[in-house]
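A short write-up of the structure that comes next.
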Amino acid sequence: MTHAYEEVGARTAWRAPVTHARTRPGPAEPQVHVHPDHAEWTDFSSMASLQLLTESVARMIGFEVACLSVVIGEDLVTVAYSGPEEFRDEVFQTDHVSVLDPVIAQSEAWGRFHFLAEEDRHGHFPGHWVVTSEGPARTAPVDAWRPLDCLMAFLHDDDGNLRGVLSVDSPLSERRPDATQRALLERYAAHAERSVVGAFVSAELRQQMSHADAARRAVRTASTPTRPILEVLAEVHRALVDVLGASGTWIGVLGPDGRPTTGARSRDGEPVDLPPDVADLAAAVAGRLWREQRHLVVGTDDVVPQRSWGTTAHDQRLFVRAKELLVRLRLGSLLVVPLGSGDQCVGFLALTRRANDLPWSTIEQTSAREIGHDLGAALQVATALERERRVVRELRQLDDHRTLLIATLSHELRSPLAVIRGNLEVVGELAEDPDSDPFHQAMVRGADRMQKVVDDLLLLTRVSDPRHPLVCVPVDLRAVVLDVVSLVETQADAKQISLHVGLPSQRALVPGDAVELDRLVGNLVSNAVKYSNEGGSVSVTLEHVAHQVVLTVTDTGLGISEEDQQGLFRAFFRSSNPDAQRRPGTGLGLSIVASVAERHGGTIEVDSTLGHGTTFTVRLPAEGP
Numbered sequence: 031m032t033h034a035y036e037e038v039g040a041r042t043a044w045r046a047p048v049t050h051a052r053t054r055p056g057p058a059e060p061q062v063h064v065h066p067d068h069a070e071w072t073d074f075s076s077m078a079s080l081q082l083l084t085e086s087v088a089r090m091i092g093f094e095v096a097c098l099s100v101v102i103g104e105d106l107v108t109v110a111y112s113g114p115e116e117f118r119d120e121v122f123q124t125d126h127v128s129v130l131d132p133v134i135a136q137s138e139a140w141g142r143f144h145f146l147a148e149e150d151r152h153g154h155f156p157g158h159w160v161v162t163s164e165g166p167a168r169t170a171p172v173d174a175w176r177p178l179d180c181l182m183a184f185l186h187d188d189d190g191n192l193r194g195v196l197s198v199d200s201p202l203s204e205r206r207p208d209a210t211q212r213a214l215l216e217r218y219a220a221h222a223e224r225s226v227v228g229a230f231v232s233a234e235l236r237q238q239m240s241h242a243d244a245a246r247r248a249v250r251t252a253s254t255p256t257r258p259i260l261e262v263l264a265e266v267h268r269a270l271v272d273v274l275g276a277s278g279t280w281i282g283v284l285g286p287d288g289r290p291t292t293g294a295r296s297r298d299g300e301p302v303d304l305p306p307d308v309a310d311l312a313a314a315v316a317g318r319l320w321r322e323q324r325h326l327v328v329g330t331d332d333v334v335p336q337r338s339w340g341t342t343a344h345d346q347r348l349f350v351r352a353k354e355l356l357v358r359l360r361l362g363s364l365l366v367v368p369l370g371s372g373d374q375c376v377g378f379l380a381l382t383r384r385a386n387d388l389p390w391s392t393i394e395q396t397s398a399r400e401i402g403h404d405l406g407a408a409l410q411v412a413t414a415l416e417r418e419r420r421v422v423r424e425l426r427q428l429d430d431h432r433t434l435l436i437a438t439l440s441h442e443l444r445s446p447l448a449v450i451r452g453n454l455e456v457v458g459e460l461a462e463d464p465d466s467d468p469f470h471q472a473m474v475r476g477a478d479r480m481q482k483v484v485d486d487l488l489l490l491t492r493v494s495d496p497r498h499p500l501v502c503v504p505v506d507l508r509a510v511v512l513d514v515v516s517l518v519e520t521q522a523d524a525k526q527i528s529l530h531v532g533l534p535s536q537r538a539l540v541p542g543d544a545v546e547l548d549r550l551v552g553n554l555v556s557n558a559v560k561y562s563n564e565g566g567s568v569s570v571t572l573e574h575v576a577h578q579v580v581l582t583v584t585d586t587g588l589g590i591s592e593e594d595q596q597g598l599f600r601a602f603f604r605s606s607n608p609d610a611q612r613r614p615g616t617g618l619g620l621s622i623v624a625s626v627a628e629r630h631g632g633t634i635e636v637d638s639t640l641g642h643g644t645t646f647t648v649r650l651p652a653e654g655p
């Protein structure tokens with residue numbers, strides 16, 4: 031095969047001798063014959079159009095037989111035939127492109143058409159050749175058409191690549207074309223050329239869309255937010271080697287230092303060790319390729335950089351390094367596509383092929399670049415989620431450390447506090463000097479306050495720890511409210527606060543921990559009394575609403591500003607209201623209330639206006655029947 035046709039070929043047909051009547055074919059529905067090995071080359075409508083074209087050309091230029099063949103890889107595939115049905119099966123046999131070599135070498139060029147006269151034919155012609163006419167009579171003129179005459183048009187695309195061959199046989203005039211008919215032949219050959227090239231373009235576009243759609247589906251399927259980034263890369267790798275026919279992939283995700291943090295994989299998914307300088311080369315080109323929105327292709331047979339490369343000295347050095355890398359890794363070609371989203375480059379996609387594999391086609395390059403945009407966006411999301419997960423893990427570790435620290439300190443403080451309080455009781459009993467009593471009482475109040483802080487810390491640690499399971503038993507919240515109210519009545523009476531209680535006549539059972547629920551009710555009611563001024567009122571109600579038990583605590587006290595309400599349930603929160611700051615508290619009470627409510631599957635709401643009191647509403651699931 032000559033160099034000019036190394037990447038292209040065509041299919042031509044001479045017809046086997048038969049005896050048949052020469053009649054002009056009448057109008058008929060186009061008969062579409064799809065070659066079994068290349069059924070996906072083009073769609074049915076294009077095949078029908080090519081069949082109609084072939085029949086029309088044969089009719090218009092006065093030939094009984096016409097055959098249109100196209101180049102698919104190195105195969106010569108017949109896609110349309112107009113002529114005797116007995117030759118159809120033979121005509122649609124596939125040949126290698128090299129069957130054209132003797133025709134090209136021996137024929138006379140008439141523009142797109144080449145004519146090889148029977149008397150000029152020499153040597154063996156490989157392939158499937160069919161002759162469809164008998165020899166001329168002895169008295170036939172010298173320009174009579176002969177059985178082994180061959181007339182075919184070579185159809186090229188705009189880049190000069192041979193895309194197909196239109197061969198005709200058995201002229202109705204029984205003569206070889208004269209100058210006038212040659213001009214007509216050239217005109218219809220040009221029309222056939224445009225149709226064939228258009229069919230190839232359509233097929234390539236469909237293939238490109240199919241590749242892109244398949245890879246995009248794989249990328250989107252793999253890139254679910256819950257999947258780790260390494261799992262995403264493994265899934266995408268399998269799709270890329272299948273869709274784009276790569277022998278290996280390297281989906282490099284760039285780290286903070288601009289170097290790839292992930293490695294290459296062979297076709298079967300196994301990790302591939304690469305020389306250290308490969309990472310430097312990849313990091314050098316990824317960002318630039320994304321900024322310039324281009325890709326790179328290099329093959330070991332490339333003498334000069336392909337058009338995808340730049341023309342600077344830096345590009346030339348990268349080209350040489352890339353070729354050296356391919357030789358070292360025993361690879362044939364490399365396709366590098368940048369990955370990113372917006373103005374941010376997040377990595378690169380490198381696809382390799384072996385030395386004997388086909389080069390990267392324009393379709394594959396375009397598909398890979400489009401895939402790069404989708405994959406880049408997916409990796410950006412996956413990377414962001416990975417960072418968020420890492421931050422969440424670190425925060426959880428910090429929270430665990432804080433919880434452990436608080437629990438440890440609280441436990442360690444309980445024993446010394448117990449000793450202090452016990453000895454303070456003894457000192458109070460033994461003290462004889464009345465002047466020491468105020469100091470003793472101050473020490474007792476300080477120890478009691480410290481004990482409350484320790485108890486609150488221990489409880490908050492327990493109810494906030496997901497590793498501490500909630501053991502539920504039926505708890506009568508009505509009884510809990512009565513106990514709490516009886517305890518705070520003394521404080522309310524001391525401030526002349528009216529305490530109103532509204533309870534159901536029957537028990538109000540909720541599943542939960544009795545100690546925790548007692549603290550929830552106690553903190554809300556005691557806070558209502560504490561933050562109410564003298565002469566105010568506090569209302570505590572409990573009721574069944576649907577499948578819930580609803581506790582409402584309302585006071586006419588200081589109220590809470592909208593700003594303070596935002597952080598009201600945080601641990602150690604203290605109000606910005608000076609009046610509230612003057613009243614003692616640990617800042618843990620409402621945090622405990624919120625944690626207990628959430629732990630019991632409930633909710634807490636606050637409705638307050640600064641200076642006009644506050645209402646807390648807690649909703650808890652009721653115990654089932």
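This note's numbering numbers the first residue of the sequence shown as 31 and each following residue consecutively. Where a beta carbon is used, it is the ideal one built from N, C-alpha and C, also for glycine.
Beta-carbon gap between residue i and residue j smaller than 8 Å
| i | j | result |
| --- | --- | --- |
| Ala656 | Gly377 | What the structure shows of the chain is the stretch from 31 to 655, and residue 656 is not part of that stretch, so it cannot be assessed. |
| Met182 | Leu196 | yes |
| Ser591 | Ser606 | yes |
| Leu106 | Val133 | no |
| Val366 | Leu319 | yes |
| Leu539 | Val505 | yes |
| Cys180 | Leu146 | yes |
| Phe603 | Gly589 | no |
| Asp232 | Ser76 | Residue identity differs from the one stated: residue 232 is Ser in this sequence, not Asp. Cβ distance < 8 Å, so Ser232 and Ser76 count as in contact. |
| Val518 | Ser567 | no |
| Gly632 | Val648 | yes |
| Ile102 | Gln237 | no |
| Arg205 | Ala229 | no |
Buried versus exposed call for residue i [16 or more other C-beta atoms within 10 Å across all chains shown]
| i | result |
| --- | --- |
| Glu149 | exposed |
| Val357 | exposed |
| Gln596 | exposed |
| Arg492 | buried |
| His498 | exposed |
| Gln81 | buried |
| Asn563 | exposed |
| Leu284 | buried |
| Thr586 | buried |
| Asp67 | In this predicted model, Asp67 has a pLDDT of only 40, less than 50, meaning its place in the structure is not dependable enough to derive any value. |
| Arg629 | buried |
| Ala40 | Its pLDDT being 33, under 50, Ala40 is placed unreliably in this model, and the value from its coordinates should be taken loosely. Ala40 comes out buried. |
| Asp637 | exposed |
| Gly190 | exposed |
Residue i versus the options, residue with shortest Cα-Cα distance
| i | options | result |
| --- | --- | --- |
| Leu507 | Arg537, Ser591, Glu564 and Arg549 | Arg537 |
| Ser240 | Pro305, Pro207 and Leu270 | Leu270 |
| Ala522 | Val510, Tyr561 and Val505 | Tyr561 |
| Arg321 | Ala352, Gly615, Arg205 and Cys375 | Cys375 |
| His530 | Ser76, Pro541, Asp467 and Thr584 | Thr584 |
| Tyr218 | Ala245, Arg205 and Leu185 | Leu185 |
| Val121 | Gly103, Val160, Val87 and Ala313 | Val160 |
| His577 | Pro286, Thr413, Arg206 and Glu653 | Glu653 |
| Ile527 | Ala558, Val503, Pro534 and Leu581 | Ala558 |
| Asp298 | Asp467, Leu304, Pro305 and His267 | His267 |
| Ala624 | Gly329, Phe599 and Ala294 | Phe599 |
| Val355 | Val328, Ile393 and Asp373 | Looking at the sequence itself, residue 355 is Leu, so the reference to Val does not match. The option with the nearest alpha carbon to Leu355 is Val328. |
| Gln323 | Ala398, Ser363, Arg250 and Leu260 | Ala398 |
| Pro258 | Thr645, Gly194 and Arg417 | Arg417 |
| Glu216 | Glu204, Asp609, Ile91 and Ala314 | Ile91 |
| Arg176 | Asp430, Pro468, Leu428 and Val198 | Val198 |
Cutoff 8 Å: residue i Cβ touching any chain C Cβ
| i | result |
| --- | --- |
| Asn553 | Protein chains in the displayed structure number just one, and chain C is not present. |
Closer than 7 Å: residue i CB and nearest the ligand FMN heavy atom
| i | result |
| --- | --- |
| Glu234 | This structure simply doesn't include the ligand FMN, nor any ligand for that matter. |
>> Does the structure place the stretch 264-281 close enough to the stretch 365-384 that three or more beta carbon pairs sit under 8 Å?
In response: yes
>> For the stretch 102-122 against the stretch 139-146, do three or more pairs of beta-carbon atoms, one drawn from each stretch, fall closer than 8 Å, so that the two count as touching?
In response: no
>> Could you tell me which whole alpha helix (DSSP H) segments of length 4 or greater appear in the stretch 291-322?
In response: 306-322
> Within the chosen definition, does the stretch 542-549 reach the stretch 638-649 through at least 3 CB pairs nearer than 8 Å?
Replying inline: no
> Three or more C-beta pairs closer than 8 Å, one from the stretch 302-309 and one from the stretch 279-293: is that the case here?
Replying inline: yes
>> Quick check for students: name the residue ranges of the beta strand (DSSP E) that lie wholly in the stretch 78-155, counting only runs of 3 or more.
In response: 93-102, 105-112, 138-140 and 143-146
>> Which runs of the beta strand (DSSP E) at least 3 residues long sit entirely within the stretch 488-562? Give them in chain order.
In response: 503-506, 528-532 and 539-542
> Which residue spans inside the stretch 548-633 form an unbroken beta strand (DSSP E) run of at least 3?
Replying inline: 567-575 and 578-585
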